[in-house]
Each structure stands twice: as structure tokens, then as C-alpha cells.
Amino acid sequence: MEKKKAKLSLEKKHNLTGWAFLLPASILIFVFCFYPMSQAILLSFRKTGGAFNGAANYARIFKDKTFQQCLFNTFFYFVIQVPIMLVLALMLAQLLNNPKIKGKGIFRTLIFLPCATSLVSYSMIFKSLFAPDGVVNRVLMAIGLSSVDWFQSTWPARWVIVIALIWRWTGYNMVFYLAGLQNIDYSVYEASYIDGATPFQQFMKITIPLLKPTILMTAIMSTSGTLQLFDESMNLTAGGPGKSTMTLAHYIYNISFVETPKFNYAAALSVCILVMVAVLSAIQMKVGDKRD
Amino acid sequence: MKKKVLSVLLVAAMAMSMLTGCGSKPAGNDAQSVASSEASKETEAAAETPASAEDETLTVWCWDPNFNVYAMKQAEKAYQVDHPNFKLDIQEKVYSDIETALITAAEAGDYSTLPDIFLMQDYSFHKNATNYPGIFTALDDCGIDFSQFSMGKLADSTVDGTHYGIPFDNGATIMAIRSDMVEAAGLKVEDFKDTTWSEFMELSKKVMAANDVPMLTCSGGSEIVIEMLQSAGASPMVDGEVTLVDNAALKKAIETYKQLIDEGIMADYTDWDQYIASMNKGTAAGVIQGCWIMSSIQAAEDQAGKWAIVNMPKLDDVEGATNYANCGGASWAVSSNCKNTDLAFDFLNATFGADVDLYDDLLVNAGAIASYLPAAQSETYNEGNEFYGGQAVYKDIVEFAGRVPGIDYGAYYSDIRSALTDAITNVVQKNADIDTEIKNAQDTVEFNIAE
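If you want it as C-alpha cells, here you go:
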């Protein structure tokens with residue numbers, strides 16, 4: 000035993016300690032994330048009952064009209080909501096980063112608070128806000144506009160989801176931007192001020208480029224989050240009217256637990272979302288990260 | 000050495016925190032994992048108490064504290080008279096959570112998370128019994144006399160001749176109307192009995208003019224179309240084929256629904272609470288719904304004596320159309336995880352399979368109308384109800400229930416309902432062509448149910 004021990008060099012010993020620390024987390028991530036993922040991929044190539052089915056489940060996706068509808072809805076949220084939310088978050092972060100502003104702590108907390116509320120309870124609140132005799136309609140009527148049947152018609156219902164998403168996630172992204180802004184040295188701004196840069200130029204030429212890694216990260220997180228959107232579709236509109244607000248994740252849930260169960264097809268759809276998130280993130284990284 | 004011990008402890012602590020972290024993260028994500036984690040707690044609890052001969056505890060899943068949970072509590076009390084050691088562990092769970100937990104268990108092939116007895120909505124009974132027969136214990140030999148239950152209702156929980164469920168509540172469709180509003184329009188409640196939809200709409204216009212409220216309230220409009228479809232006995236599935244196209248009753252039902260919405264006769268609320276509020280606040284003169292809606296109507300005590308129950312209107316010019324339909328209702332099932340099936344069978348047989356007094360209690364206190372036929376002959380059913388101006392409503396409803404035409408959805412109720420909802424939404428919202436939309440719905444259902 001003594002001899003064997005002596006063989007381990009100091010470096011090897013340190014490496015082993017490192018691995019020992021990594022092991023528990025790695026095993027757990029593997030067992031609870033990667034193993035189920037690989038099983039889901041296998042599942043997507045099988046039929047109900049377990050027989051191998053080739054790519055038939057994937058071929059089915061292209062013929063599925065409900066899938067196309069849900070894909071459209073999801074991309075609508077993605078294309079409209081993500082840019083609005085990120086720009087808003089950036090503006091709020093910029094405002095709250097101003098050292099002269101009073102009560103910063105309170106504002107930051109208030110703006111971050113929505114994303115600490117439960118998904119279900121905030122859906123319930125939005126439901127009552129946008130109800131036929133809810134606050135929003137009353138305000139609309141008070142300022143002389145006609146009330147809107149928010150949940151009964153296609154486009155208003157989609158906008159309710161977009162508004163709800165913006166309300167909930169803007170503060171979350173703002174926190175990342177705030178952290179990023181704090182890391183930008185104030186002397187850079189001072190130098191540009193002396194050179195005669197306007198605040199707008201400062202924002203466009205200093206803040207945005209230096210925040211790029213953070214912006215990229217929030218964009219990728221929002222992409223993945225939006226494509227997997229479930230709670231709002233499920234709780235706020237129940238996918239309705241018809242299926243005009245149903246997201247892909249909600250459709251997958253329906254295939255598995257509401258309609259005639261087709262877990263294999265649901266797995267194929269999940270893999271499809273995974274590929275879409277990967278592709279979109281890759282594009283964003285290519286476009287956003289010019290370091291290489 | 001000390002350092003090593005310390006590092007091992009640290010690693011262990013990290014692993015523990017990781018474990019708890021993993022446990023709590025998915026719990027926030029969706030209802031399914033909440034259900035399954037609750038389910039696993041139950042199995043832990045069950046594992047602690049060994050299933051000895053003295054252990055007479057059964058676990059039950061059901062969802063409504065004023066209705067089926069109450070029913071189980073009363074059944075427990077009734078059974079305890081002869082079996083003092085008997086105990087029920089009634090766990091209140093939202094129905095979608097129950098179904099998710101059942102399907103998850105079945106897909107995983109691990110039934111140990113299931114309770115002994117659970118309540119299942121009739122509309123999904125066929126789907127689950129066809130796809131996952133493994134969650135159920137067949138009840139053919141449990142000693143219950145199934146001939147004592149109403150036939151239409153029994154069919155919901157019978158698959159290929161095997162009984163998987165004991166029918167619980169009746170969901171006969173009623174039209175509850177405000178008698179005071181009807182009278183304010185110079186009409187009588189009698190006028191609304193045995194009407195057709197076109198006659199009903201004419202009468203409604205008078206009521207609406209006199210009271211300035213919509214005649215009907217509804218939540219998620221497709222339900223009323225489903226009820227109309229059933230009232231004409233027009234099955235969306237015939238011999239395993241989807242028959243939405245060329246279904247005259249369906250087309251007429253959608254047209255009627257569109258007219259109801261377009262002319263403002265029916266107000267549609269997406270939110271269930273607002274739907275209930277529209278009755279309780281008096282912002283609608285009536286409602287068409289399964290008879291279980293009565294407990295919600297009766298919640299408005301200030302409206303006592305102002306309601307009456309009649310049958311629903313029937314479709315005009317449709318062969319086989321009637322004034323009767325069914326909406327909702329559920330059945331008790333024994334899970335395959337039930338260890339003490341003798342006890343479960345005996346309990347169910349002695350209570351929901353025989354106890355007329357229990358059904359009387361449920362009728363009065365929970366508004367649960369039995370599908371156990373001998374219960375309907377009890378005196379309680381013939382008594383007038385003051386809330387409905389002395390009308391013997393339960394007797395009427397049992398009579399309605401007996402006349403509901405049979406309808407077949409195969410195992411595909413949810414698929415068909417979902418496709419029809421889309422079609423109806425497009426017709427009402429976008430003025431889409433009814434025939435095209437029905438064709439689309441047919442295609443969607445055929446696509447969904449194809450392997």
C-alpha cells in the first residue's frame with residue numbers, strides 16, 4: 000500500500016480531488032438530465048408499445064397542422080416579445096444605473112419582483128385584469144375607447160400573453176444588464192465626455208458594445224425560454240380561443256396527457272424544439288459574438 | 000486524516016444539497032411533477048404503515064371538497080358503523096393532476112404511487128381504460144350489482160364488457176332559468192319546457208327585452224355544442240370511423256350556437272369564476288349545464304325561490320333530436336395498486352353500491368344526483384325544493400337522465416372536443432364557412448388518432 004501511494008504525484012492527487020468534487024454533481028446531472036434526454040430521443044424513434052418506428056414520428060411532424068399553428072404562435076411570441084423585452088430591460092437598467100437617482104433599491108426590487116411571483120398566481124391576476132369587466136377594459140372605456148374581448152379573439156389573446164411575458168421577465172433580464180453595467184469602468188464614460196460624446200453616443204458606442212456578452216446571454220436564454228413557453232399558454236388562455244395562443248410545449252403536454260396519449264410523438268416534438276433552440280442560439284452566437 | 004474526513008463530509012453535504020435542489024426545481028415547473036412528488040410522499044407514508052390484517056386504511060383521490068370529497072367522507076362514516084377500524088385517507092387533488100399522475104405511473108410501469116380508489120371523469124374513462132388498462136382493477140367480480148345503475152352512465156366506465164368503474168354522480172343536462180325574470184317578461188316557466196331552439200330564441204328575446212340581461216351564460220362555448228350533439232344522439236364516432244362531416248346535427252348545432260352568440264342571447268365567459276358570478280349576480284337569466292351546476296346556483300341564497308329547472312331546447316329539423324343531454328359526471332375506480340381489494344370492494348359495495356341513505360344525504364347536502372337507480376325511488380327525490388320555488392327538481396332531473404340518447408366518442412372524446420372547439424371558434428370569431436371547418440376538424444381528429 001505504501002508503495003502504491005508513493006506513486007501518485009502531487010499533481011495527480013490534486014486532479015483526483017478535483018474529480019471527486021465534480022463527481023457528485025456530474026452524476027446527478029447525468030442521471031436526472033442526460034439519461035432522460037437520451038431516453039426521450041430513443042422514445043421518439045419508437046411506436047406506442049415499443050417497436051422501432053424509424054423516423055415516422057418525425058415525418059408526422061410535417062403533416063401536423065396543429066403543430067404548424069403552435070409553431071406560428073410560438074414564433075410570434077419569440078419575434079415580438081423578446082426584442083421588446085430586451086430593449087425595455089436595457090433602458091430600465093440604464094436608468095437605474097444612474098448614480099444620482101434616489102430610491103434605486105426600491106425600484107430595482109419592484110421591477111425584479113414579478114419574476115419572483117408564482118407562474119400560476121400571476122396568470123390568475125392577468126386573467127382578472129383582462130376579463131370583460133376587468134381593470135384594463137374599464138380603463139379603456141374610461142378614456143373613451145371601446146372594450147376588447149381579450150380572451151375571446153385571436154390577436155388580443157396573443158397580445159395578452161406578450162404583455163404578460165414582458166411584465167414578468169423584463170426585470171429578470173434587467174438584473175443581468177445592471178450587473179453588466181456595473182462592470183463598465185466609469186472612467187471610460189468620463190473620457191468620452193471629455194471628447195465631447197453625447198449621452199446617446201455614449202450609450203450606442205460604449206454601453207452596447209461592452210454589454211454585448213450579457214446581451215448575447217439574455218438573448219439566448221430568452222430564445223430557449225420562449226420556445227419552451229408553457230405556463231402562460233396553459234394557465235392564462237388555456238391555448239384558446241381555439242388553439243390560437245397554444246405554444247409548442249403546451250401542445251406536447253396535450254398530446255401526452257389530455258388527448259389520446261402519444262408519448263413517442265411528443266418525444267419527437269421535444270427533440271424538434273431542442274434542435275430549434277440549438278440552431279437559433281448558434282445563429283445568435285455567430286451574429287453576436289465577433290471576438291473570433 | 001482529519002482533512003480527509005472533512006472533505007468527505009463536505010462532498011456528502013454537497014451531494015445532499017444537490018439532491019434537494021433537484022427535488023425542488025422541477026416541482027415549480029409543472030403540475031405533473033408536483034403530483035408525482037406528492038404521490039411519492041404517499042407511498043413513503045404507505046410504506047411506513049405495514050399492510051397488516053388490522054390495517055383498514057384506504058387511500059382515495061378525488062377533487063371537490065363540497066361534492067365528491069364530501070361524498071367519500073360520508074361514505075367513510077357510514078361504513079365505520081360496522082367496521083370501527085376502517086379509515087379513509089382522502090386526498091384532494093385537481094382532476095388534471097390525478098390524470099397526469101395516473102398516466103405517468105402507467106407510462107413508467109410503476110403503479111406503486113397510485114391510491115387504492117380514485118375518481119375519474121367519465122369523459123376520459125374510455126381513453127384511460129383503453130390505453131392504460133394496467134391502472135385499474137377490473138370490478139366484474141367485486142360483488143356489486145351493476146344492473147342497478149343507469150345504463151347510459153354505466154357505459155362510460157365499461158370497456159369491452161369489463162366494468163372498471165362504479166358510476167357516481169349523474170350529469171343530466173338542465174336548463175336553469177330565473178323564474179322572476181321570465182315572469183317579468185309576461186311569460187311562464189312552463190313556456191320554456193320542451194322547446195326547440197328557434198322557439199327558445201323567440202322567448203329569450205322577450206326575457207332579454209324585459210330584464211336587459213342575456214338569456215344564457217356559458218363558459219367555453221364548445222360545451223353547449225357538445226351537449227346539443229348528444230341531445231340528438233349524433234355520435235362523432237360510428238364503428239370506429241370519425242363522422243363529423245355529413246353529421247347534420249353537428250352542423251345545425253354550430254349554426255345554432257353562432258346564432259346564440261351573434262344575437263347576444265348567450266354571453267360567453269372564458270373564466271369559470273366569472274361564469275359562476277354571472278349567475279349569482281343575476282347578470283344572466285339562465286344557464287344550460289350538467290345538473291351539478293345547481294350547487295353553484297344555490298350559492299346565491301338571496302335568489303332563493305327565483306329559479307326553476309326545465310329541460311334544454313332541442314335542435315330544429317334534426318332527426319332524432321331530443322330535449323335531453325348529459326354533461327360531466329364521474330365514476331369511482333379501484334387502482335391496480337390496491338393491496339386490500341377485498342376491503343375496497345366491500346366498502347364500495349356497502350356504500351355507493353347499496354346505501355340509499357347515503358345517497359339521500361349526498362342529494363340534500365351536496366346536490367349529488369345518483370346514478371344508482373334504487374336511490375332515485377327514495378322519498379327525498381320527490382320532495383319540493385324551496386330554492387326552486389317548491390319544484391321537485393330531483394325527480395325531474397332523474398327523469399331527464401333516463402331519456403338521454405346514447406352517444407359514442409370511442410376513446411377519443413378529448414381529441415374530438417378539441418378539434419370541434421377550434422372549428423367553433425373559427426366559425427364564431429372569423430365567420431369561417433361551417434362545412435370547411437367541420438372538414439378540417441374531421442381531418443385533425445383522423446390525423447390525431449392515426450397511429
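As they're listed, the protein sequences go chains A and B. Take the first sequence: its position 217, counting from 1, is numbered 216 in numbering that gives the first Met the number 0, and each next residue is one higher. Take the second sequence: its position 295, counting from 1, is numbered 294 in numbering that gives the first Met the number 0, and each next residue is one higher. Glycine is no exception: its CB is placed at the ideal position from the N, C-alpha and C atoms. Remember, predicted model here, so these are calculated numbers, not experimental data.
Around D359 of chain B, the same chain offers S377, T379 as residues with beta carbons nearer than 6 angstroms, after the five sequence neighbours per side are excluded.
For T58 of chain B, the enclosing beta strand (DSSP E) starts and ends at 56-61. One finds S413 in chain B with Cβ atoms closer than 7 angstroms to the Cβ of V257 of chain A, taken in chain order. In the DSSP secondary-structure assignment, K313 of chain B is bridged to B:T195.
Beta-bridge analysis with DSSP links F51 of chain A to A:R45.
Under the 9 angstroms criterion on CB atoms, F199 of chain A is classed as non-interfacial with respect to chain B. Under DSSP, C271 of chain A shares a beta bridge with no residue. By DSSP's assignment, S334 of chain B forms a beta bridge with B:F135. A distance below 9 angstroms separates the beta carbons of R45 of chain A and N263 of chain A.
K152 of chain B and N127 of chain B have their C-alpha atoms some 17 angstroms from each other. Short of 8 angstroms from the beta carbon of N384 of chain B, and not among the five residues preceding or following it, lie these beta carbons of its own chain, in chain order: Q390, A391, V392, Y393.
About 6 angstroms separates the beta carbon of S280 of chain A from that of T222 of chain A, a gap short enough to meet the 8 angstroms contact definition. The CB of Q151 of chain A comes closer than 8 angstroms to the CB of D267, T269, Q428 in chain B, given here in chain order. Taken in chain order, the members of the segment 63-93 of chain A whose beta-carbon sits within less than 8 angstroms of a beta-carbon on chain B are D63, K64, T65. With 16 or more other CB atoms across the displayed protein chains lying within 10 angstroms of its CB, A440 of chain B is buried.
Within the segment 145-226 of chain B, the complete alpha helix (DSSP H) segments of 4 residues or longer fall at 150-155, 178-183, 196-210, listed in chain order. Boundaries of the beta strand (DSSP E) around D88 of chain B: 86-91. I134 of chain B and G142 of chain B have their alpha carbons spaced roughly 20 angstroms apart. Spanning the alpha carbons of A284 of chain B and N210 of chain B requires a straight line of approximately 8 angstroms. For a cut-off of 8 angstroms, the C-beta gap from T259 of chain A to N425 of chain B is around 23 angstroms, too long to register as a contact. A straight-line Cα-Cα distance of about 29 angstroms links V147 of chain A and L91 of chain A. Within the model, the alpha-carbon separation for A163 of chain A versus K192 of chain B is close to 45 angstroms.
Neighbours of F262 of chain A in chain B, taken as residues whose beta carbon is under 7 angstroms from its own, are E106 in chain order. Contact check between the segment 133-153 of chain A and the segment 211-228 of chain A: fewer than three CB pairs, one atom from each, fall below 8 angstroms, which does not count as touching. Secondary structure note for V286 of chain B: its beta strand (DSSP E) is the uninterrupted segment 285-289. Listed in chain order, the positions of the segment 106-126 of chain B with a beta carbon within less than 7 angstroms of a beta carbon of chain A are E106, K126.
Its Cα nearest to that of Q90 of chain B, the residue B:Y69 stands out among B:V158, B:Q79, B:Y69. Along the segment 102-128 of chain A, going in chain order, the ones with a CB nearer than 7 angstroms to a CB of chain B are K126.
Counting along the chain, no beta strand (DSSP E) covers D407 of chain B, and no H or E run does either. Assignment of D267 of chain B by DSSP, reduced to helix, strand and coil, places it in the strand class.
Judged by their CB atoms, R177 of chain B and G281 of chain B are nearer to each other than the 9 angstroms cut-off. Straight across, the Cα-Cα distance linking L210 of chain A with G179 of chain A is about 6 angstroms.
Our two residues, I437 of chain B and I26 of chain A, have alpha carbons roughly 52 angstroms apart in a direct line. Between V237 of chain B and D407 of chain B, the C-beta spacing is below 9 angstroms.
Proximity to A369 of chain B across B:D414, B:D301, B:Q147, B:F167 peaks at B:F167, based on C-alpha coordinates. Judged by beta-carbon spacing, A105 of chain B lies beyond the 9 angstroms limit of N67 of chain B, meaning their Cβ atoms are not closer than that value.
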